[in-house]
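Read through the structure below, which is laid out as structure tokens, and then see the notes.
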Ligand SMILES: Cc1ncc(COP(=O)(O)O)c(C=O)c1O
Ligand SMILES: Cc1ncc(COP(=O)(O)O)c(C=O)c1O
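Residue numbers (my numbering), protein chains in the order written: chain A, 252 to 708; chain B, 252 to 708; chain C, 333 to 827; chain D, 333 to 827.
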């Protein structure tokens, strides 16, 4: 019996102790009519050897394409030490640290993580993680409604240049509580969210405005002006940021005159593998004044009976297990393991490493942009400053191009044509520090070939 | 500076404390004429990201052929838990347990390992590992000279059916101390070492006789008769055994009337990956009466100051760091990590698992033998009972056949023609529990195709 | 049993990673080539973030040492009720972390993901089979998000029928906190109903609150009281007849695997905690995976993406395929790596093994309960069988000796056992919710009973010993009140 | 500094795996299909071996807990002299363990191993470069086997020249035990010569013993006394002129990387401990890798296989290519996986980094020595620079207080520091051989000095505290005499 240690002797002794004749008798409170038959739809057991071979075959089928997709998940080098430690049994197989004294490792790690996120974002406090960046934005929007007591509208300004999946996810999650999202246009020439386009909302009751930096196109927004606009109009400001970029870019806590109110983002770039989309983690940071409105777990440093410092979960009165229907969120299990990986990652790369990673990613993308735009039939959608992504406009439909690139072992970018028909055919591509001169040349050549073939067809 | 933590401030302070102006000054005792120039032959540093990519590319070049080679190294399933634990920092980065109190984990593991090896071989004591099976046999031969005080000849009977590399290695290592190895022929029809062929040595001073079970051809020897012959003629008996096979086969401690005197073997099948030949580990077990002649580390259970049990290195007076030129061997660093993996492996598979692995390997090899011998131009060299290897005789040279199999992604066996010209063209093949019906069919088909092509050419 | 166990390793307390930091130190091997980046000055960061500057060895040593301060399944018996802390097979991790799986971008063309997608498709099918549901979506990232998906689907269902007044979700008072929190998050009103003395839902109370405003009921079964709800049929009839739907909190699925199927029992939607029943690791607080299964009525509303299969292979079904979907709950398709682990686990356990899980989890819990009963401990529901877990109440010890469930819990740590869940469910006073899981051997259970007996003896002889516990851990009992009052949530350099 | 540190985790002492065993228990997921095997009855095993019967969880938990009882680089400062306990980069492990490398059979055709063989070829080339030698063989499996290869080559060289009387190997008394043991194992006679008060070899003594029977001399440089041998040129001339060869024990190569090259110094053969200088992990006692490098005279005698390269690619050179080879020392080509790790490490460190290793190892050692000197500890060679390591002698403390080097060593464990090497080299009384390595930060060194100072204070105030140390580890000081007298080497079931 896989993973069940009982010997026949054990079972006998245990049944005797209980005073029943069979295991089945233990289920005698279940009405007979409800009892299930055999699970014929489940295949027979495989040994670890067999499943290992099966999984290796399936993995081989997926292959290891040279990846130029970003669009919310970014390929960065992950130091080997990160996952060697993160998968240690004491980390990997521990539960949420409810028993603080028996979980100081996890708790101190969270405290260190909170400190790093707060510093990266230049905010005062951070929670212990949310599910991911997309749902994190939804949580931030819900939080803004609680935190902005002066606003009664539950109206959120959401630029169209924000990641479309984040927008959908916010709608799906926060829509149920009656939040309304107003789409703010981007400037078709720069790809930026122009403050001018907010003019129509002057005087309205706006709960919050969302600013993504860099935005979905990779373009850098004028975050200072947008932030100040929000605050001037009584709105809270929610920043969605790429954590790697914060090594180079002004952190949300310093945007505009006052800094933003809530900063969220996808933590994946910090040491978490792409892994088909998860598990990642969302980070969230805010001002101390809003800490009690923040969802998710928070760890604090305190003292023990002997007066020595230690760490424990705190402000639990915000949470579902205490406050139940009145909690700040229903989140319980979060993304502890990934948060741990990120903490180790940040410790290893440090401030210098993160800056170099960000710079190299930016430089590689500039190189990629130049190489791609030199290809016939390709041009940049916008000429604005960008971080590590660029939206290309092609002269043929993107789907066929991506297919052709795939057949050459390249994951060639994200087809943004569906999300932005006004820009179609549009291809969002990304390069990070993992890409070399040769990789970029290979991409440009393959792209030229694919476009040539598409045109010929 | 990779892996060097010093900041410029650190260096300055440290130099000041020492009282020198530069690091270079610390080397002022080295005569200037000896100083080396720059190491131009070493390439510039690569980051972990770069070396990771390079290694991945090189690994991809090697591929993952379907393997049917044995000949001393065997592909078995390794439970994931084995290396997940073995590579834990506390195991992976500890030194030899000189400070027993700070090394109870390693020491208890060795004690458990010794117990398992002793029981598997049915011998009284085991050491903590030797380098590998081949060099382990050399050590056993040297040990037999020390342990067989009645013998003055240093003559060792070495069957020709013993793994040729083991024979070469024993010669290379033990030859320097004047040991002489006498080759004992095998029966050309059975592949066994016939007791009859020992007749020529009756009455001689023989220090030891080596018996490998199964022998290099995979054939099972008549170990009882050979052992008794050895003892009857004043020789010690050295067994070379495959540890997996011991789940099914009579253990050396029970061979003949008295059991063998020294049992050695290659530990690799017990949870150690093939890994191009190493690191593996050699195991060695003996009778208590010979324990002081055994090379290598030994752990014993003892008591601490409070009378509680604990583990420590013992009988160190045999070893080089105490006895120096008079030690039982020069071995110091052994194969601790692999011994640990094997201990965890044996704990997880247990007696039932090991038996099933052995049976499945034997059964799969029988299947492979049948499938291969059904191919035109292939026949079994011997018809004797065998464990999980079979020597095939082909009707065309083996090298070309192996090349053809390699081009189909198969590692097709070991070309034994060089070691045994009298049997050429001879191909030694192996199947373990890792092989399926489909694998074996694939092999047989590929073999048929390769032979067909060779014949046609 | 050793009441004051030996310390494992002598280690001075571990400073924070920031305390180890020195300006200018760095892990050179992890630095990419320096390249110039052209950031507009106005958008440039001015001061570097306060990240630690340590060597790779320092980081490795620090987090290795920190990890040793944790209890975990891999090191301790961990009978945390409602959490199903069973063995997390290492094979699941190894094969889910194959380089191809780790390296796959979520938006890569599906031709570059047929292996992965096949696993996901088959996982959906297997989850349908074990729950008896008609459709499954894997996207929710934990139990709570699965609940959210479920309630949102119920809401969408009523809305799609124009039934807009159904704004109430009924929740038994024993429910996990996420249930009412979820209902609120979905814009619903929470109506709590009590449980009776035997741990079943109080049907009369239900009858009183059910009606035309009822969107649905959220039921945990076995309930968090550790007993199987015996009035399923009545409950179902009452709620369905009133036009409401039935939500099954499947966090406790481990108890009934292969014994009953929520779909067969008439439930409309279920979330499963794959990180419990299907043994993906908890990672010190996640990640989880809260897949949802639905009956026919809710099929159109499943959250996207779902994995479909046609002649061309596997692909994601999205808005175009499921136009009534409640939408997307995550950036891609949830915690894929967790889903892979659950898939591998289910394949390893297989058809017969799946049935045994529920059986042996139940055997272990009932054995423990029987042992405790024989030793004179007090079960909260003495007339009931345990399911995969059960509750002891320490109320007498609290009343007579002033020794609480918390004191027992903390003292257990000294004995090398993780504590059971304490003070949940809230309605049982001084409760310990104990879930041994099927992967623990009888000896571990016996050892745990022996520890509890020893501690009870201590509680009589030396209550202060328990009040001061733990004594042998890296810290003594921590001051939670102080933590909340003097908020210290981030490290700051010494002034 | 915390002289009585908090315990890390409360854990009852760990039983042996056999104590956990129960008949009939098994890890089902690891069982292959049951298949019948046709073993002749006379050859069949009758009783099953006494292997533990435990669940996978029990095994995982047991060995995880055992591991926590160890000190290691990843958890502690580990200044074990002559052992170079530096950081073992995790990247070396990760990339050496790629599935293709792990799965490659040693006898697979070389076309299925060009990636691996290229690494090995380049490793040979790099080792030639850092040693200044003409040829390298990677096959020896540890330092001692490297020594064996070296002495065997010296022997083969003389024999090949018909010079059969050279049967003596000269070894300075400070040499590591493996040196004389190796010479004996090669059938040589060991001639020991003393060192002088400054730690150099005594040239006069050498002059006396060198002659027509001299096969060679084995020199460790920096010597195990932690100093650089200053009379290399004289030594070399003396031995070479007498017709002997010079063997370099390169276990201490870390100290001189990029500063001097044994080949340039005129040595004929060197072994390197890749598991020291090139940072492959020690694994609680191995594996190692003891590659040998040789000058022109010994090239024909290198142990096989060696990796060669021609137009068709990389291949193993064997008996046919090197007919005078001393032969094979291992089943295949030694500890390949260790060699891969060393290769990765060397590539990551690179040209400039290689030079810095020696520099910073030397800086750390000299800094520690200076700190200890300032604190009043007594260096064994006060007139000398430290190399990568140095010796303190506790002889005064032993004489005046009865507190020995061993007592200091054991008490250091309580402070969370692994002890230095004790009582080696044998000729310095009450010695502690201290090697910090270049990967330790200044703070670790300062902490270590502070601990030694605190312990010295204790030794004056409360010698018994040190005599009884360690106090905070899983066991107190162990009785080695008893261990050797009452041999208990294997577990036996209780009678
Ligand atoms: C009964 C019950 N429901 C829901 C949940 C919430 O699951 P999660 O923590 O994965 O969000 C839990 C988990 O603790 C639970 O025990
Ligand atoms: C100076 C010296 N020579 C030789 C050796 C032997 O090396 P190994 O333990 O790898 O056999 C050592 C290792 O301890 C050593 O320090």
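Glycine included, every Cβ here is placed at the ideal spot set by N, Cα and C.
Limits of the unbroken beta strand (DSSP E) element including residue i
| i | result |
| --- | --- |
| residue 504 of chain D | 500 to 504 |
| residue 642 of chain D | 638 to 642 |
| residue 602 of chain A | No beta strand (DSSP E) holds residue 602 of chain A; the alpha helix (DSSP H) holding it covers 587 to 624. |
| residue 709 of chain A | The question about residue 709 of chain A has no answer here: the residues shown for chain A are numbered 252 through 708. |
is_contact[residue i, chain C] using C-beta, thresh 9 angstroms
| i | result |
| --- | --- |
| residue 667 of chain B | no |
| residue 825 of chain D | no |
| residue 271 of chain B | no |
| residue 397 of chain A | no |
Collapsed DSSP secondary structure at residue i in the structure displayed
| i | result |
| --- | --- |
| residue 430 of chain A | coil |
| residue 462 of chain B | strand |
| residue 313 of chain A | helix |
| residue 415 of chain C | coil |
| residue 448 of chain C | helix |
| residue 603 of chain C | strand |
| residue 338 of chain B | coil |
| residue 388 of chain A | helix |
Continuous alpha helix (DSSP H) stretch holding residue i: start and end
| i | result |
| --- | --- |
| residue 518 of chain C | First-last for residue 518 of chain C: undefined, no H or E at that position. |
| residue 652 of chain A | 649 to 658 |
Rounded Cβ spacing between residue i and residue j (contact assumed at less than 8 angstroms)
| i | j | result |
| --- | --- | --- |
| residue 515 of chain B | residue 491 of chain B | 6 angstroms |
| residue 501 of chain C | residue 429 of chain C | Contact flag wrong, Cβ pair sits at about 39 angstroms. |
Proximity test, Cβ basis, 9 angstroms: residue i and chain A
| i | result |
| --- | --- |
| residue 395 of chain C | yes |
| residue 427 of chain C | yes |
9 angstroms Cβ cutoff, residue i in contact with chain B
| i | result |
| --- | --- |
| residue 535 of chain D | no |
| residue 693 of chain A | no |
| residue 363 of chain C | yes |
Opposing strand residues paired with residue i [DSSP bridges]
| i | result |
| --- | --- |
| residue 765 of chain C | C/723 and C/753 |
| residue 797 of chain C | DSSP lists no partner for residue 797 of chain C. |
| residue 562 of chain A | A/552 |
| residue 533 of chain D | D/527 |
| residue 581 of chain D | D/552 and D/603 |
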